[in-house]
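In the working numbering, the protein residues as written are 549 to 993.
Quick reminder that beta carbons are idealized off the backbone N, C-alpha and C, glycines included.
Given the structure is predicted, the values throughout are model-derived calculations rather than measurements.
Only one structure is covered here, and it is reproduced in the block below.
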């Protein structure tokens, strides 16, 4: 018994020795926004990882850095009052290459903080990381991560924690987690309204993720799940967040090669941004609350979205099966249509929406299956007398909830669906609206 206690004590002591703190000031970083501290901060990260892991401390003060690479067993800890600013010079960002192939996400990209294949990494504390992304002007359609840096990009990492910090002003996507396992994001604040492609959160082909307590205000999509490679997004839990977005507050897609499985999203408040001075994408009051999309051959199954309270958005709920068939790798082809099966959207209240209506649409011969819409209340502008039937030939277009204009139903327009349950639906309008609440075509229950 004595030998067991000694070994246990030794393990604790060893862990404490390895879990040391490394203050960036000790490596030459300066709390001076005219000085670039990239090398000093990177040296602290490298020393911490090589010594067995611990915390790299960013103390109170204003620091400027270019690209940093986070290593295994390192927690980047920002003290209260610490601000880590991204450099506004493109030359201070190092192009980082990954072996993970995905057409949507370039193999060589620039970002403020990067990790590839790392284990047990964290960004934590009460400080702020500000990318100053407005300095990077959009130069081409797909220049995100090329001439406009991401703030955080983690690829094929395991046991990732981002907790407590404030993230502001990325050059494009704020956080991109690609093919990561066991990710925990908790109690962070995100403000990303200073450039194009300003998503708040992108989980791409990740497994076993929990996101709680995030407050996000983004010009582009808010909580975004993607699958830009054959690796699906699965076993994801998102709860108790507040989101503002000019586009889609909650979105699965558009990239959907691998698809989405076992997704639970609940307890989300969607509200207009307090900063409505400019808009790069989307609608002033937001495009949708919930968008669920399969367009690239993937499978969506076992998705539950519930307890949503929303203010605004043009077309609150959008479920779409398309056939864009964009491959994840150059030269490949996708010859099959994806599937949507087992989706439940319930206990949703939306106020002050647009008059568009909510499309829930599959494809001829490829219905979306086992869809439940339950206890949903929507209040919108109304004032529409008639609307044309949406065309059938949009399956290869980029999907947006507003892509078909005002729908023939002021509530839900359901087409090409099987096993549909629609119950306890309430649709109210400010102005008289002649359209029925619900229209179903080629849909059975």
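Exercise. Which residue's Cα is closest to the Cα of residue 953: 969, 935, 966, 964?
Worked result: Here the question's residue 953 lines up with position 405 in the chain shown. Of the candidates 969, 935, 966, 964, 935 places its Cα closest to the Cα of residue 953.
Along the chain, where does the beta strand (DSSP E) that runs through residue 594 open and close? As a first step, residue 594 is located in the chain shown; it is residue number 46 there, counting from the start. That residue, residue 594, is in no beta strand (DSSP E); its alpha helix (DSSP H) goes 586–598.
Exercise. Mapping DSSP to helix, strand and coil, what is residue 976?
Worked result: Here residue 976 refers to the residue found at position 428 when the chain shown is read from its first residue. Three-state DSSP puts residue 976 in a strand.
Candidates 938, 807, 690, 837: which alpha carbon is nearest residue 818's?
The residue labelled residue 818 in the question sits at position 270 within the chain shown. Comparing Cα-Cα distances from residue 818 to each of 938, 807, 690, 837, the minimum goes to 837.
Beta carbon of residue 725 nearer than 7 Å to that of residue 751: Looking up residue 725 in the chain shown gives position 177. Looking up residue 751 in the chain shown gives position 203. In this structure, residue 751 lies closer than 7 Å to residue 725 by Cβ.
TODO: With a threshold of 6 Å, establish whether the CB of residue 806 neighbours any heavy atom of the ligand GTP.
DONE: This structure lacks the ligand GTP; in fact it carries no ligand of any kind.
Residue 541 versus residue 874 - alpha carbon distance: Residue 541 lies beyond the stretch modelled for the chain, which goes from 549 to 993, so this question has no answer here.
(request) Return the first residue and the last residue of the beta strand (DSSP E) that residue 927 is part of. (result) Walking along the chain shown from the start, residue 927 turns up at place 379. Here the beta strand (DSSP E) through residue 927 covers 916–930.
Check: Can you pull the DSSP bridge partners for residue 836?
Finding: Counted from its first residue, the chain shown places residue 836 at position 288. According to DSSP, residue 836 bridges with 796.
**Request:** Rounded to whole angstroms, what's the CA-CA distance from residue 710 to residue 992? Just pull it up for me.
**Result:** Residue 710 sits at position 162 when you count from the first residue of the chain shown. Residue 992 sits at position 444 when you count from the first residue of the chain shown. Cα to Cα, residue 710 sits roughly 44 Å from residue 992.
Taking only three categories from DSSP, how would you classify residue 702?
For the purposes of this step, residue 702 is identified with residue 154 of the chain shown, where counting begins at 1. Strand.
Let me know the secondary structure DSSP gives residue 955 once reduced to three states.
Counted from its first residue, the chain shown places residue 955 at position 407. Coil, per DSSP.
Excluding the 5 residues flanking residue 884 on each side, which residues of the same chain have their C-beta closer than 7 Å to its C-beta? Taking the first residue of the chain shown as position 1, residue 884 is located at position 336. If we look at residue 884 and ignore the five residues flanking it on each side, its Cβ neighbours are 845.
**Request:** Kindly indicate which residue of 590, 764, 783 has the alpha-carbon position closest to the one of residue 641.
**Result:** Numbered from its first residue, the chain shown carries residue 641 at position 93. The option with the nearest alpha carbon to residue 641 is 590.
In terms of residues, what are the limits of the beta strand (DSSP E) holding residue 818? Along the chain shown, read from residue 1 onward, the residue named residue 818 stands at position 270. If you look at residue 818, you'll find it in the beta strand (DSSP E) that goes 807–818.
Query raised in the report: Which term fits residue 827, buried or exposed, when burial requires 16 or more other beta carbons within 10 angstroms of its beta carbon?
Result: Taking the chain shown and counting its residues from 1, one reaches residue 827 at position 279. Classification of residue 827: exposed, given that the 10 Å Cβ count is below 16.
Select from 775, 746, 753 the residue whose C-alpha is nearest the C-alpha of residue 764.
Within the chain shown, the letter at position 216 stands for residue 764. Nearest of 775, 746, 753 to residue 764, Cα basis: 746.
**OP:** Within the same chain, show all residues whose beta-carbon is closer than 7 Å to that of residue 933, passing over the 5 residues directly before and after it, in chain order.
**Re:** Translated into positions along the chain shown, residue 933 becomes position 385. Within the same chain, residue 933 has close Cβ partners 982.
Of the residues 839, 829, 908, the one placed nearest residue 966, counting alpha carbons only:
Within the chain shown, residue 966 is the residue found at index 418, counting from 1. Measuring from the Cα of residue 966, the nearest candidate turns out to be 908.
- Please list, in chain order, all residues of the same chain as residue 577 whose beta carbon is under 7 Å from its beta carbon, the five residues on each side excluded. Within the chain shown, numbered from 1, the residue matching residue 577 stands at position 29. Non-local C-beta neighbours of residue 577 in its own chain, meaning closer than 7 Å and more than five positions away in sequence, comprise 585, 588, 589, 611, ordered along the chain.
Q: Take the Cβ of residue 687 as the centre, count every other Cβ of all protein chains shown within 10 Å, and call the residue buried at 16 or more, exposed below.
A: Sequence index remark: in the chain shown, residue 687 carries index 139 (1-based). Residue 687 should be labelled exposed.
Notebook entry, point to check: With a Cβ-Cβ cutoff of 7 Å, do residue 675 and residue 630 count as a contact?
Noted result: By 1-based counting over the chain shown, the position of residue 675 is 127. By 1-based counting over the chain shown, the position of residue 630 is 82. Yes. Within cutoff.
Open item on the list: Here's the rule: buried if 16 or more other CB atoms are within 10 angstroms of the residue's CB, otherwise exposed. What is residue 962?
Closed with: Position 414 of the chain shown holds residue 962. That one is buried.
| said: Among 775, 920, 880, 834, whose alpha-carbon lies nearest the alpha-carbon of residue 853? | reply: What you label residue 853 is simply residue 305 of the chain shown in a count that begins at 1. Selected option, being the one with the closest Cα: 920.
Taking the straight line between their C-alpha atoms, what separation do you get for residue 607 and residue 581?
Start at 1 with the first residue of the chain shown, and residue 607 comes out as number 59. Start at 1 with the first residue of the chain shown, and residue 581 comes out as number 33. Between residue 607 and residue 581, the C-alpha separation is close to 14 Å.
Residue burial classification, residue 928 (beta-carbon count within 10 angstroms, cutoff 16)
Residue numbering aside, residue 928 sits at position 380 when the chain shown is read from its first letter. With 16 or more other Cβ atoms within 10 Å, it is buried.
*asked:* Considering Cα atoms alone, identify which of 810, 804, 713 is closest to residue 891.
replied: The residue you call residue 891 lines up with position 343 of the chain shown. The shortest C-alpha separation from residue 891 is found at 810.
Practice problem: Closer than 6 Å by C-beta to residue 760: which residues in its own chain qualify, once you throw out the five before and the five after it? Chain order, please. | Solution: Here residue 760 refers to the residue found at position 212 of the chain shown. Result list for residue 760: 734, 787, 788, in chain order.
Residues near residue 975 by beta carbon distance below 7 Å, same chain, minus five either side
On the chain shown, residue 975 is found 427 positions in, with the first residue counted as 1. Excluding sequence neighbours, residue 975 sits near 926, 958, 959, 985.
**Prompt:** With C-beta atoms as the reference, is residue 805 less than 7 Å away from residue 769?
**Reply:** Taking the chain shown and counting its residues from 1, one reaches residue 805 at position 257. Taking the chain shown and counting its residues from 1, one reaches residue 769 at position 221. Not a contact, by the Cβ cut-off of 7 Å.
Point to revise | Secondary structure of residue 609, DSSP reduced to three states | key: In the chain shown, the residue the question calls residue 609 occupies position 61. DSSP places residue 609 in strand when its eight states are reduced to three.
Quiz item: For residue 969, which option in 922, 803, 685, 840 has the closest C-alpha, if you only look at C-alpha atoms?
Solution: Numbered from 1 along the chain shown, position 421 holds the residue referred to as residue 969. For residue 969, the nearest C-alpha among the options comes from 922.
Using beta-carbon positions only, say whether residue 748 and residue 863 come within less than 7 Å of one another. Taking the chain shown and counting its residues from 1, the one referred to as residue 748 is at position 200. Taking the chain shown and counting its residues from 1, the one referred to as residue 863 is at position 315. No, these two residues do not count as a Cβ contact at 7 Å.
task: Kindly indicate which residue of 636, 627, 706, 628 has the alpha-carbon position closest to the one of residue 615.
output: The residue you call residue 615 lines up with position 67 of the chain shown. For the residues 636, 627, 706, 628, the minimum Cα distance to residue 615 belongs to 636.
Quiz item: Taking DSSP as the reference, what is the three-state secondary structure of residue 970?
Solution: By 1-based counting over the chain shown, the position of residue 970 is 422. Looking at residue 970 - three-state DSSP - the assignment turns out to be strand.
message = Taking 7 Å as the threshold (C-beta atoms), are residue 648 and residue 703 in contact?
response = In the chain shown, the residue the question calls residue 703 occupies position 155. In the chain shown, the residue the question calls residue 648 occupies position 100. For residue 703 and residue 648, yes; Cβs fall inside 7 Å.
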